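Structure, as structure tokens:
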Amino acid sequence: MSLLSDPRFTEALSHLADYLGSHLRVSIAALALGLIVSFPLALLARNRPALRNLLLGVASVVQTVPGLALLALFYPLLLALAALSLRWFGLSFSAFGFLPAVLALALYSMLPVLRNTITGLDGVDAGLIEAAKGVGMTERQALTMVELPLALPVIMAGIRTAAVWVIGTATLSTPIGQTSLGNYIFAGLQTQNWVLVVFGCVAAAVLALVVDQLLALIENGLRARSRARVGLGTATIALMVGASLLPSLAGSAARYTIGAKTFTEQYVLAALLSERLQASGLSAASRAGLGSSVIYGALKSGDIDLYVEYSGTLWANQFHHTEQLPRAALLDALKADLARDKVTLLGELGFENAYALVMPRKKAEALGIRSIADLVRHTSQMSIAGDYEFFSRPEWAALRDAYGLAFRTQRQMQPDFMYAAVASGEVDVIAGYTSDGLIAKYDLVVLDDPRQAIPPYDAILLLAPKRADDRALQEALRPLLGRIDIATMQQANLRASGNDAESSPQAVARWLWSKIAK
Amino acid sequence: MPPTPLITYSNVRKRFPGPAGAVVAVDDVSLEIAEGEFLAIVGGSGSGKTTLLRLTNRLIEADSGTIRIAGEDINGIDPVGLRRRIGNVFQSGALFPHMTVAANIGITPKLLGTPASEIAARVDDLLDLVQLDRKAHRDRLPDALSGGQRQRVGVARALAARPRIVLMDEPFGALDPLTRDTLGSDYRALHEKLALTTVMITHDITEALLLADRIAVMRSGRLVEVGTPTELAGSREPYVSELMTTPRRQAARLKALLPESGAA
Numbered sequence: 014m015s016l017l018s019d020p021r022f023t024e025a026l027s028h029l030a031d032y033l034g035s036h037l038r039v040s041i042a043a044l045a046l047g048l049i050v051s052f053p054l055a056l057l058a059r060n061r062p063a064l065r066n067l068l069l070g071v072a073s074v075v076q077t078v079p080g081l082a083l084l085a086l087f088y089p090l091l092l093a094l095a096a097l098s099l100r101w102f103g104l105s106f107s108a109f110g111f112l113p114a115v116l117a118l119a120l121y122s123m124l125p126v127l128r129n130t131i132t133g134l135d136g137v138d139a140g141l142i143e144a145a146k147g148v149g150m151t152e153r154q155a156l157t158m159v160e161l162p163l164a165l166p167v168i169m170a171g172i173r174t175a176a177v178w179v180i181g182t183a184t185l186s187t188p189i190g191q192t193s194l195g196n197y198i199f200a201g202l203q204t205q206n207w208v209l210v211v212f213g214c215v216a217a218a219v220l221a222l223v224v225d226q227l228l229a230l231i232e233n234g235l236r237a238r239s240r241a242r243v244g245l246g247t248a249t250i251a252l253m254v255g256a257s258l259l260p261s262l263a264g265s266a267a268r269y270t271i272g273a274k275t276f277t278e279q280y281v282l283a284a285l286l287s288e289r290l291q292a293s294g295l296s297a298a299s300r301a302g303l304g305s306s307v308i309y310g311a312l313k314s315g316d317i318d319l320y321v322e323y324s325g326t327l328w329a330n331q332f333h334h335t336e337q338l339p340r341a342a343l344l345d346a347l348k349a350d351l352a353r354d355k356v357t358l359l360g361e362l363g364f365e366n367a368y369a370l371v372m373p374r375k376k377a378e379a380l381g382i383r384s385i386a387d388l389v390r391h392t393s394q395m396s397i398a399g400d401y402e403f404f405s406r407p408e409w410a411a412l413r414d415a416y417g418l419a420f421r422t423q424r425q426m427q428p429d430f431m432y433a434a435v436a437s438g439e440v441d442v443i444a445g446y447t448s449d450g451l452i453a454k455y456d457l458v459v460l461d462d463p464r465q466a467i468p469p470y471d472a473i474l475l476l477a478p479k480r481a482d483d484r485a486l487q488e489a490l491r492p493l494l495g496r497i498d499i500a501t502m503q504q505a506n507l508r509a510s511g512n513d514a515e516s517s518p519q520a521v522a523r524w525l526w527s528k529i530a531k
Numbered sequence: 031m032p033p034t035p036l037i038t039y040s041n042v043r044k045r046f047p048g049p050a051g052a053v054v055a056v057d058d059v060s061l062e063i064a065e066g067e068f069l070a071i072v073g074g075s076g077s078g079k080t081t082l083l084r085l086t087n088r089l090i091e092a093d094s095g096t097i098r099i100a101g102e103d104i105n106g107i108d109p110v111g112l113r114r115r116i117g118n119v120f121q122s123g124a125l126f127p128h129m130t131v132a133a134n135i136g137i138t139p140k141l142l143g144t145p146a147s148e149i150a151a152r153v154d155d156l157l158d159l160v161q162l163d164r165k166a167h168r169d170r171l172p173d174a175l176s177g178g179q180r181q182r183v184g185v186a187r188a189l190a191a192r193p194r195i196v197l198m199d200e201p202f203g204a205l206d207p208l209t210r211d212t213l214g215s216d217y218r219a220l221h222e223k224l225a226l227t228t229v230m231i232t233h234d235i236t237e238a239l240l241l242a243d244r245i246a247v248m249r250s251g252r253l254v255e256v257g258t259p260t261e262l263a264g265s266r267e268p269y270v271s272e273l274m275t276t277p278r279r280q281a282a283r284l285k286a287l288l289p290e291s292g293a294a
């Protein structure tokens with residue numbers, strides 16, 4: 014089977030216009046903003062050593078912040094600003110998606126523009142600046158007629174570096190809700206769909222190269238004073254931005270936006286919700302790959318309309334409760350919390366995706382371990398692995414304190430790799446997810462939690478405040494409530510972790526519905 | 031009674047901040063330059079000759095003293111306008127490398143708002159004047175020219191706005207001896223033809239003696255002596271006598287090598 018007829022490739026291609034367009038819009042907006050801010054700053058700072066050192070210092074520090082962290086930080090910052098703006102001026106804006114992405118990426122683009130503009134102007138021969146004054150130019154004329162044209166190659170090199178950085182880093186804006194080519198990469202990484210990952214990477218690289226070459230054309234034209242080349246380069250970039258606006262107009266026509274976090278089960282459930290809405294004649298689009306801390310805020314502010322959450326996660330991480338409650342009591346308490354945010358808890362899907370300590374069955378039997386309590390005397394010789402957030406979540410602290418766990422080492426891993434790692438003996442225990450299909454695949458065992466240190470994690474369907482009275486939506490979703498048991502979800506997740514045509518979230522969602530609808 | 035001098039320096043002083051306290055670059059210099067005169071300023075590096083030249087068109091400002099041009103204190107003249115009125119030839123040309131020969135020559139008229147067609151005609155005239163072929167050179171970039179051609183363009187640029195005064199900072203210093211000599215005498219001819227007043231800086235006393243009407247000798251910011259070549263030859267000032275040693279010896283050698291009656 015050739016790559017072009019692979020359904021994963023056709024699926025990837027079907028999202029290209031949307032992802033590429035959004036990626037281009039956010040990148041160009043960030044680059045333009047970065048230029049508008051940094052260029053005058055560089056001119057201002059040129060003959061002021063203190064300001065110049067300060068600017069370059071700040072820009073360098075920004076550059077050392079990893080792109081993902083910088084983007085993630087802008088979300089809470091804007092959330093706070095949006096709250097202030099609403100209180101003071103009665104104006105509200107969305108802290109989700111485009112705005113934080115543009116701001117963070119613009120900040121990221123500043124260093125190369127600032128540094129190259131300053132060094133480019135510094136590199137102009139002092140004798141020529143003296144000559145410019147000597148023939149009767151004002152300071153401004155000397156800048157525009159002599160200094161800037163001579164510094165142009167260095168300045169343009171900075172702008173081109175910034176463009177490539179911004180386009181590359183924009184793939185990381187997916188978790189804060191900005192659709193980008195990163196959607197391919199995040200989705201592919203989570204569902205082990207390598208075709209999708211490669212597709213996303215190649216698309217981003219091609220876009221970066223094209224924009225770089227167009228900027229080179231403009232630079233060339235400026236240097237050769239060729240209006241044709243400058244015009245062609247600028248017009249092509251404008252045309253690309255213009256074209257990117259078209260699919261977005263079409264895309265924004267979808268009435269409901271379904272959110273999904275960054276792991277396999279969420280991709281599958283988002284596909285299932287989407288299919289159910291469409292089956293009821295409601296148009297739906299999904300915003301997948303959202304960060305765990307971003308997604309609830311996005312629902313509350315109406316940027317997304319619905320998503321599947323887990324009760325324990327909301328309880329501990331969103332509402333910061335530390336007390337442990339039984340399953341039903343926790344759900345009731347949670348409903349009260351959600352009501353305060355005007356978020357509707359439509360109901361439970363029927364399964365629980367809890368954190369659990371997991372180890373190979375054979376090893377557990379050999380050591381006589383059945384529960385976490387049995388594990389305690391072995392932990393000083395054992396290593397544990399968890400996902401990126403587990404060890405900083407309150408559940409880990411509760412679990413550790415309840416049993417007195419003290420592992421020799423703890424490691425963080427990409428969730429889908431943990432299971433293979435524990436099966437191969439790379440680590441001894443992992444903090445896995447109970448609904449994960451890989452538990453069965455690798456013959457692993459979930460250890461009991463007799464002290465109930467880990468809170469319940471019922472999968473629940475949440476609706477945005479503006480959908481509280483939307484009967485059509487709620488009727489479309491009701492057939493899902495209470496219908497998905499843990500075994501079915503495990504099987505679905507296992508299917509989705511495959512690497513073939515049947516493993517796309519859409520295909521698995523169709524399979525899942527066929528099981529439920531019986 | 032001689033006519034009013036075109037350029038007058040009266041007790042001009044300029045200090046620059048240095049690592050070991052202020053350095054006096056120009057120390058109480060008074061000097062008059064007559065209209066139509068060709069004055070060379072000679073001195074070693076650090077003698078203050080370049081500083082004196084830069085003070086003349088307000089590229090830098092004097093700490094004290096006055097400089098007058100045609101009787102007018104230059105502090106009362108807008109510095110940008112002043113520079114457009116004075117021709118300026120820089121060391122090794124200092125042509126703008128991103129502009130064609132024509133754009134370089136036409137820059138000051140362009141800044142003055144002269145119409146483009148008028149500038150184009152003026153550029154062609156100037157190329158003729160400095161003996162560069164119009165067609166071959168007009169649209170070239172400075173990089174494509176030889177050192178001598180570059181400096182001819184530099185001279186044309188300085189003359190473009192029809193100045194009365196031309197300031198030259200070691201204009202021929204970087205050229206080979208033959209080109210240097212040709213260019214020097216060609217410029218001297220232009221000086222006569224256009225009735226210019228020229229102030230030229232050089233560290234080469236021989237060049238000064240051959241080209242200038244009068245020579246001002248500077249050392250450590252002070253004006254040591256001003257005079258015609260003949261007056262300088264008779265100077266008792268030890269530094270001036272020392273400066274004259276080289277040209278004297280060269281003259282004697284050349285006389286011995288090239289007897290007047292002999293045909294080479």
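Protein sequences appear in the order of chains Y and U.
Counting from 14, one number per residue, gives the positions in the first sequence under the working numbering.
Counting from 31, one number per residue, gives the positions in the second sequence under the working numbering.
The C-beta atom is built at its ideal place from N, Cα and C for all residues, glycine as well.
As the structure is a computational prediction, the values presented were derived from the model and not from experiment.
**Asked** Under a Cβ-count criterion, where at least 16 other Cβ atoms within 10 Å of its own Cβ denotes burial, should Y/G213 be classed as buried or exposed?
**Response** The residue in question, Y/G213, is buried, as its Cβ has 16 or more Cβ neighbours within 10 Å.
**Message:** Can you look up U/V119 in the DSSP assignment and give me helix, strand or coil?
**Reply:** Assignment of U/V119 by DSSP, reduced to helix, strand and coil, places it in the strand class.
**Message:** What are the residues in the region 121-143 of chain Y lying within 9 Å of chain U by C-beta distance?
**Reply:** Per Cβ criterion, the list reads D138, G140, L141, E143.
**Request:** Note down, in chain order, each residue of its chain lying with its Cβ closer than 8 Å to the Cβ of Y/L64, except the 5 sequence neighbours on either side.
**Result:** L57, A58.
**Request:** Give the interface partners of Y/G149 over in chain U, defined as CB-CB distance under 7 Å, in chain order.
**Result:** Within chain U, V110, R113, R114, T138, L141 have C-beta atoms less than 7 Å from the C-beta of Y/G149, given in sequence order.
**Request:** Could you name the residues of the region 216-249 of chain U whose beta carbon sits closer than 7 Å to any beta carbon of chain Y, in the order they occur along the chain?
**Result:** Hits within the stretch: zero.
**Asked** Apart from the five residues on each side of it in sequence, which residues of its chain come closer than 6 Å, Cβ to Cβ, to Y/D471?
**Response** Counting only Cβ-Cβ distances below 6 Å, and skipping sequence neighbours, we find S324, E361, E365.
**Asked** U/N87 CB to nearest chain Y CB: under 8 Å?
**Response** Yes, because at least one Cβ of chain Y sits closer than 8 Å to the Cβ of U/N87.
**Asked** Is it right to say Y/Y401 is buried, meaning 16 or more other beta carbons lie within 10 angstroms of its own, or is it exposed?
**Response** Per the 10 Å Cβ criterion, exposed.
**Prompt:** Rounded to a whole number of angstroms, what is the C-alpha to C-alpha distance between Y/A217 and U/P139?
**Reply:** Spanning the two alpha carbons is a distance of roughly 50 Å.
**Asked** According to DSSP, is Y/S305 helix, strand or coil?
**Response** When secondary structure is reduced to three states using DSSP, Y/S305 falls in the helix class.
**Message:** Need the endpoints of the alpha helix (DSSP H) that U/E148 sits in, please.
**Reply:** First-last of the alpha helix (DSSP H) with U/E148: 146-159.
**Message:** Pull the bridge partners of U/M198 from the DSSP assignment, please.
**Reply:** The bridge partners DSSP lists for U/M198 are U/V119, U/M230.
**Prompt:** At which residues does the alpha helix (DSSP H) containing Y/N506 begin and terminate?
**Reply:** That run of the alpha helix (DSSP H) goes 499-509.
**Item:** Beta-carbon contacts of Y/T187 that lie in its chain and below 7 Å, excluding the five residues immediately before and after
**Value:** Result list for Y/T187: S193, G195, N196, F199, G302, in chain order.
**Message:** Please confirm whether Y/L163 has its beta-carbon closer than 8 Å to some beta-carbon of chain U.
**Reply:** It does: the Cβ of Y/L163 has a partner Cβ on chain U nearer than 8 Å.
**Request:** Report the residue from Y/A273, Y/E278, Y/S306, Y/I499 whose alpha carbon sits nearest the alpha carbon of Y/L86.
**Result:** Looking at the Cα atoms, Y/S306 is the closest of the given residues.
**Prompt:** Is there a Cβ from chain U that is less than 8 Å from the Cβ of Y/V50?
**Reply:** Among the residues facing chain U, Y/V50 is not included, as its CB has no counterpart in that chain under 8 Å away.
**Request:** Could you tell me whether the Cβ of U/F46 comes closer than 8 Å to any Cβ of chain Y?
**Result:** Among the residues facing chain Y, U/F46 is not included, as its CB has no counterpart in that chain under 8 Å away.
**Item:** Same chain only: Cβ atoms within 6 Å of Y/A466, ignoring 5 sequence neighbours per side
**Value:** Hits under 6 Å: A411, L412, A415.
**Request:** Could you check what DSSP says for Y/T335 in three-state terms: helix, strand or coil?
**Result:** In the structure shown, the three-state DSSP call for Y/T335 is coil.
**8 Å Cβ cutoff met for U/L82 and U/V56** = A contact, by the Cβ cut-off of 8 Å.
**Item:** Where U/I245 falls: helix, strand or coil (DSSP)
**Value:** Residue state, collapsed to three classes: strand.
**Asked** With 16 as the cutoff for other CB atoms within 10 Å, does U/T275 come out buried or exposed?
**Response** The residue is exposed, with fewer than 16 neighbouring Cβ atoms inside 10 Å.
**Asked** With a Cβ-Cβ cutoff of 8 Å, do U/D173 and U/P127 count as a contact?
**Response** Yes, Cβ-Cβ distance for U/D173 and U/P127 is below 8 Å.
**Message:** Can you check which of these residues, U/E65, U/R45, U/Q121, U/I71, is closest to U/F202 by C-alpha distance?
**Reply:** Looking at the Cα atoms, U/Q121 is the closest of the given residues.
**Asked** Taking 8 Å as the CB-CB limit, is Y/V159 close to chain U?
**Response** Yes, because at least one Cβ of chain U sits closer than 8 Å to the Cβ of Y/V159.
**Message:** Taking the straight line between their C-alpha atoms, what separation do you get for Y/F102 and Y/V223?
**Reply:** Answer to the nearest angstrom: the Cα atoms are 42 Å apart.
**Request:** Inspect the beta-carbon positions of Y/L347 and Y/L327 and report whether they are closer than 8 Å.
**Result:** For Y/L347 and Y/L327, yes; Cβs fall inside 8 Å.
**Request:** Could you tell me which chain U residues have their CB closer than 7 Å to the CB of Y/K146, listed as they occur along the chain?
**Result:** Under the 7 Å cutoff, chain U gives L89, R113.
**Prompt:** If we count the other Cβ atoms within 10 Å of its Cβ and call it buried at 16 or more, is Y/F106 buried or exposed?
**Reply:** Around the C-beta of Y/F106, fewer than 16 other C-beta atoms lie within 10 Å, and the residue is accordingly described as exposed.
**Message:** As an exercise, report each continuous beta strand (DSSP E) stretch of at least 3 residues that is fully enclosed by the region 333-403 of chain Y, in chain order.
**Reply:** Counting whole runs of 3 or more residues, the region 333-403 of chain Y contains the beta strand (DSSP E) stretches 357-365, 368-373, 396-399.
**Request:** From the DSSP output, read off the bridge partner residues of U/L69.
**Result:** U/L69 is bridged to U/V229, U/R244.
**Asked** Under three-state DSSP, which class holds Y/G272?
**Response** In the three-state reduction of the DSSP assignment, Y/G272 falls in the strand class.
**Item:** CB contact flag (U/K79, U/M248, <8 Å)
**Value:** Contact flag set, yes.
**Asked** So U/D57 is in the alpha helix (DSSP H); what residue range does that whole segment cover?
**Response** In this chain, U/D57 is not harboured by any alpha helix (DSSP H); it is covered by the beta strand (DSSP E) spanning 51-63.
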